[in-house]
Amino acid sequence: MIDSPIDTALEGDSRFAPTADPLWRIEEEGFNLAREHEIESLFAVSNGYVGSRASLAEGSLLSNPATFIAGVFDTNASAHDDPIPELAAAPDWMQLSLLVNGREFRLDQGSYVRHRRMMDLRQGILWREFHYRAGDGGLIRVRACRFASLADRHVLFQSVRLTAEDHYVNIHLRAVTEPVVERPGRVRLTAESCRCREIATNRGYQLGLCTRTTGIKVAIAAAGRLRIDGGEVIAPQTESTPDRHVESWELDIEAGKTYRFDRLVVIYTSRDVDRPGVMAAEHLQRLLNSDPEEVIATHARAWEKRWRESDVEIDGDGALQKALRFACYHLIGAANPEDERVSIGARALTGEAYKGHVFWDTEIFMLPFYIFTDPPSARALLMYRHHTLPAAREKARHLGYRGALYAWESADTGEETTPGYAVTPDGEIKPILNGVLEHHISADVAYAVWQYWQATADETFLLQAGAEILFETARFWASCGRVEADGHYHIREVIGPDEYHEGVDDNAFTNVMAQWNLERAAETARLLAEQWPDRWSELSRRHDVAEDEPSTWRDLAGRMYTGFDSRTGLFEQFQGYFGLEDIDLAQYAPHTLPIDVLLGRERTQLSKVVKQADVVMLIYLLWDRFPPEVRKANFRYYEPRTTHGSSLSPSIHAAVAARLGDVKNAMRYFRQASEIDLTNNMGNAAGGVHAAALGGLWQAVIFGFAGLSLLPDGLGFTPHCPTEWRALRFTVAWRGIRLHVEIRPEAVEIVAEGEKSLAVQIGGAPPARLASGQRIRWEQVKGAWKEISS
Ligand code: BGC
């Protein structure tokens with residue numbers, strides 16, 4: 003009985019059961035207090051509006067429950083002279099204590115039998131099951147699930163089933179809703195203006211909360227219900243104080259009967275609506291009047307739809323298959339296509355690391371997943387950058403430049419939120435310069451705009467937002483450097499992606515991306531002038547774009563100093579890099595501490611040791627710009643010097659190695675990237691999942707192993723898959739068409755679904771025209787891809 007699998011967790015009174023296929027499940031057996039914080043991150047449930055860490059409902063010594071609501075930032079005024087906004091922790095809506103025969107159930111007090119948690123990636127539901135024996139008393143079985151509805155983003159759901167498996171057992175269940183406890187350094191929604199009130203005849207209650215300094219109001223309406231064997235409803239005892247609401251049930255449960263506790267929670271904020279309290283109460287009321295099973299059903303259907311559009315199947319490697327689904331699960335749960343005023347933080351809504359701040363991680367690492375699987379989410383994320391243009395303009399102006407310089411770390415308004423300093427583990431105060439020097443963010447945003455435009459042909463977006471971002475970022479690049487005596491345009495004192503080297507001149511990544519940004523802005527100006535002259539004159543009038551400005555952009559792009567040496571085919575990462583100390587990293591392998599800690603900051607800065615893909619990142623992003631020998635030479639040169647001190651690095655190395663046909667090396671990096679959260683191989687998953695690394699993992703498969711590229715009128719694929727993959731299957735969206743792709747060692751098959759047709763090119767074969775419903779097959783004949791049938 004105790005060994006019964008978690009798969010039966012919802013039998014009986016519900017239509018819903020956990021997904022049986024192990025390739026859709028991430029499981030955690032037992033309970034290891036030391037791992038609890040990373041489990042809370044990995045098993046978090048989220049829908050892009052609200053995300054909750056997977057803390058134990060009853061708590062434990064180390065539990066760190068936190069629910070984050072996208073865009074609900076606040077500052078901890080007492081902690082800093084210059085307070086930095088961060089996501090405020092909302093109440094732990096699933097807090098539930100359980101007393102069995104008068105004894106409190108706590109896993110860390112060791113009185114459980116068999117404890118399992120399972121993240122059901124397919125349905126977006128976290129399941130949990132265990133047995134508990136109260137002293138020498140009766141045995142009870144507890145089965146629980148929770149989710150953040152993907153169908154109705156304001157809704158959260160928790161369900162717990164209790165079954166006495168032998169004797170009568172006395173149970174005391176307490177469902178508490180209250181602000182999270184105050185802790186130094188934590189920003190939380192406070193109880194100052196809390197109100198608890200019954201919503202309708204004893205069926206629900208409502209809590210009003212607010213941020214301390216940003217004036218955001220948050221309303222939580224909730225209702226708990228306990229039923230016996232799907233029938234009789236037992237009314238709770240309730241108790242309300244100004245800052246907490248408690249519903250409790252005390253009863254003797256009968257052997258064999260199941261007591262099901264369901265909690266429905268609705269959240270609104272003053273960011274979404276004028277009267278969040280009223281909206282939350284009304285919304286809850288509607289849900290209570292309908293069948294709660296419908297809440298689960300619509301959620302499951304929403305996930306089903308998203309998986310149809312975004313699942314990646316790897317036939318031949320179960321571990322990687324799971325890792326990819328884990329990545330897609332968190333990416334799907336991170337975005338909200340309905341809110342274009344928020345973006346995705348480095349750890350999404352799964353943890354407090356990086357305070358919920360948005361970096362280039364979103365545009366460069368995560369966005370491609372949305373562009374090719376869910377364009378409305380991609381659009382909303384880019385619109386966030388459009389709405390934050392005023393702050394980016396202000397940052398540029400403040401530093402003495404023109405145009406738009408995006409914040410290196412951004413919260414709700416787009417103002418710079420990078421902390422000014424950090425305290426190192428040995429107590430040293432270290433200034434953080436990224437907020438004033440890591441300029442490449444502006445080109446990264448422009449790159450994302452262009453990639454979205456190329457993949458979707460979304461004219462409305464280009465005209466309303468995209469073109470303006472391209473122009474304003476180009477203007478920044480045209481103002482932050484200088485044409486010097488050598489006739490070249492130089493950009494001095496920056497930080498590139500490799501953050502071990504600060505204040506460098508002419509970082510190749512920054513300069514070549516800036517060059518590309520200037521070119522695309524000039525191209526967009528021409529496109530607008532030709533095709534949408536009214537919009538062009540309106541934009542140029544509003545932003546004072548002189549008639550000859552686009553030709554200046556083109557001219558500066560032509561003069562850009564790139565650090566490229568045509569003799570070796572290498573880009574110098576920045577001026578003077580080649581003269582730095584070469585350190586053989588192999589002698590430090592394997593190392594758990596970051597290399598800059600091992601070597602010391604100063605020696606690292608004076609060495610060629612690279613934190614993360616930098617020139618390699620440039621080669622990856624602007625692949626078509628470089629001849630094959632240049633791609634290869636730079637990868638070969640920089641790869642052994644890169645320490646992957648950032649989680650953003652291994653996936654890009656996997657993608658580039660795969661494109662270069664170095665599949666063995668690609669697989670090594672791919673596995674490393676796939677384990678960042680799942681095995682916590684960087685040691686910091688407790689702060690939330692590494693959302694950029696998850697996006698990078700998806701890119702490594704689609705852009706790397708499958709070799710997806712954008713053609714002017716369609717898509718290209720140059721597969722380089724490991725031979726042990728019997729098949730790689732995925733779906734990508736392109737300008738309203740969905741392509742279902744299957745790559746096998748010997749053949750590629752593609753089916754198109756949509757209104758139009760597109761060009762598809764496999765390897766060097768001539769492009770084929772693929773119409774809706776049509777399937778084309780290519781086979782490898784003597785090492786070359788050939789179209790076989792249409
Ligand atoms: C990386 C940055 C990244 C940031 C947030 C840093 O360690 O160097 O590239 O944007 O983390 O993920």
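Those letters in the sequence shown? Residues 3 to 792, per our numbering, in order. Idealized CB from N, CA, C, for every residue including glycine. Predicted model, so just to flag it, every value in this text is computed and none were measured.
Best match in the options for proximity to residue i [C-alpha to C-alpha]
i	options	result
E781	F132, S481, S99, P721	P721
S481	G716, W452, Q517, I316	Q517
F132	I704, G602, E30	E30
L620	N636, G258, M368, R731	N636
D679	R17, E249, T352	T352
F511	P421, D460, H441	H441
A380	G416, K357, G405, D341	D341
I373	I654, F263, Q466, L712	L712
G233	Y261, L266, I764, S250	Y261
A146	L152, R135, G137, S161	S161
I201	Y590, L582, V425, E284	E284
E501	T375, L650, A448, I745	L650
F75	R155, A150, R190	R190
I127	I654, F45, A767	F45
Y423	T733, S43, D84, R17	D84
S250	G258, I236, A257	I236
W455	L730, D715, L175, L608	D715
D264	T271, R229, M281, Y386	R229
T271	E495, L407, C212	C212
R627	N686, S609, E726, F566	F566
E418	V425, S151, A409	A409
Residue i Cβ short of 8 angstroms to the ligand BGC heavy atom set
i	result
S653	no
S99	no
E501	yes
Y356	yes
K397	no
W362	yes
A694	yes
K432	no
Q614	yes
S649	yes
A348	yes
Rounded distance between the beta-carbons of residue j and residue i, thought under 8 angstroms
i	j	result
A656	G706	6 angstroms
Q208	I222	7 angstroms
V144	L158	Not quite, the Cβ-Cβ distance comes to about 20 angstroms (not below 8 angstroms), so this is no contact.
I497	L439	4 angstroms
G416	A382	15 angstroms between Cβ atoms; not a contact.
W95	A282	Between A282 and W95 the Cβ distance is about 12 angstroms, and since that is not below 8 angstroms, they are no contact.
A337	G53	About 11 angstroms; that fails the 8 angstroms criterion.
I298	F18	5 angstroms
V611	R643	6 angstroms
T300	A166	Not quite, the Cβ-Cβ distance comes to about 32 angstroms (not below 8 angstroms), so this is no contact.
R205	L290	6 angstroms
CB contact below 9 angstroms: residue i versus chain C
i	result
P87	Note that chain C does not occur in the displayed structure, where there is just one protein chain.
Per DSSP, cross-strand counterpart(s) of residue i
i	result
I222	L209, I269
G716	L713, A761
N338	DSSP lists no partner for N338.
T192	C212
E31	R118
Q782	W787
S539	Partner(s): none; S539 has no beta bridge.
W736	I739
F573	F566
K324	DSSP, once it has assigned bridges, lists no residue as partnering K324.
G429	The partner list for G429 (beta bridge, DSSP) is empty, contrary to what the question assumes.
N172	D254
Q160	R148, R265
R731	E315, E744
S609	E583
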